[in-house]
Every structure is written in C-alpha cells, then in structure tokens.
Amino acid sequence: MFNTIHHNEIKAMIDRNDDFVIVDVRAPALFMKNHLPGAINIPLNSINFTEMVDNQIPDKSKPIVIYCADHDCQKSVKFCKKLANLGYRHISDYENGLQEWINLGYPLNE
182 MFNTIHHNEI KAMIDRNDDF VIVDVRAPAL FMKNHLPGAI NIPLNSINFT EMVDNQIPDK
242 SKPIVIYCAD HDCQKSVKFC KKLANLGYRH ISDYENGLQE WINLGYPLNE
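Numbering-wise (my numbering), the sequence shown opens with residue 182 and increments by one.
Encoded structure:
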C-alpha cells in the first residue's frame, strides 16, 4: 500500500532533481510559513480532496512523498491510505515530518 521513507532518501531525491511529488498535508496557513522544497499543499481534510489530488497529481504511477508536522501527526498516514484507495501506486510516508527536517538543518521554502 505505502512505504516509509527517511529524511536522507528525500534529501537525495531533491538534490538529484528526481521526478517525484512531495505533498504537505498540513493546513494552508502552516504550509505558507514553511515547507519542504518543491512541496505542494493538499490538506487531508479538504472538502474537494479527490479533485485536488486528481488536478495536482494526475500521474498515478509517479512517486509521491507525503509528510505532516512530526512523528505524532497521523495525517500523513491517513493521506497515504486515501491515495492508495484512489489507485496511486508509489506512495511513501515521511513519518518524522517537517520537524525532523528542520532539526537536521535541511533547506526549507519559506
């Protein structure tokens, strides 16, 4: 259904300019403050969730990395399950999320 991915793998994918999608599932106001480089924002509880996913991630075979605020946030896991139910095949959950990324001193879009 989906895998767990670690910070070093995501950082390497970004550094190599791999063709993948990073999705921040936090609220838009939090996304606007800061997010992983290249991330798009699709909040888990969006009213038009399926439409947003279809519009922003039309290729169901493209690798997708999902993240939330931190390890305690379960939104990324729920989002991964919803994507799997929509037919997406290459889904990874960055379970330690944005807080770990910040703690490691990795770059952010702000």
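We put the CB at the ideal spot given by N, CA and C, even for glycine.
| If you run the structure through DSSP and keep just helix, strand and coil, what is ASN226? | Along the sequence shown, one-based indexing puts residue 226 at 45. Three-state DSSP puts ASN226 in coil, outside helix and strand.
| Alpha carbon to alpha carbon, how far is ILE221 from LYS241? | For this step, residue 221 is matched to residue 40 along the sequence shown. For this step, residue 241 is matched to residue 60 along the sequence shown. Note on geometry: alpha-carbon atoms of ILE221 and LYS241 lie some 16 Å from one another.
| said: Rounding to the nearest angstrom, what Cα-Cα distance links TYR248 and ALA208 in this structure? | reply: Within the sequence shown, residue 248 is the residue found at index 67, counting from 1. Within the sequence shown, residue 208 is the residue found at index 27, counting from 1. Near 12 Å, if we compare the C-alpha coordinates of ALA208 and TYR248.
| query | What did DSSP end up calling ASP274 once you bin it into helix, strand or coil? | reply | Here residue 274 corresponds to residue number 93 of the sequence shown, with the count starting at 1. Reduced to three states, the DSSP call for ASP274 is strand.
| query | Taking contact to mean at least 3 C-beta pairs separated by less than 8 Å, is the segment 270 to 278 in contact with the segment 221 to 236? | reply | no
| query | Over what stretch of residues does the beta strand (DSSP E) that includes ILE191 continue unbroken? | reply | In the sequence shown, residue 191 corresponds to position 10, counting from 1. Where ILE191 is concerned, there is no enclosing beta strand (DSSP E), although the alpha helix (DSSP H) it sits in stretches over 188 to 196.
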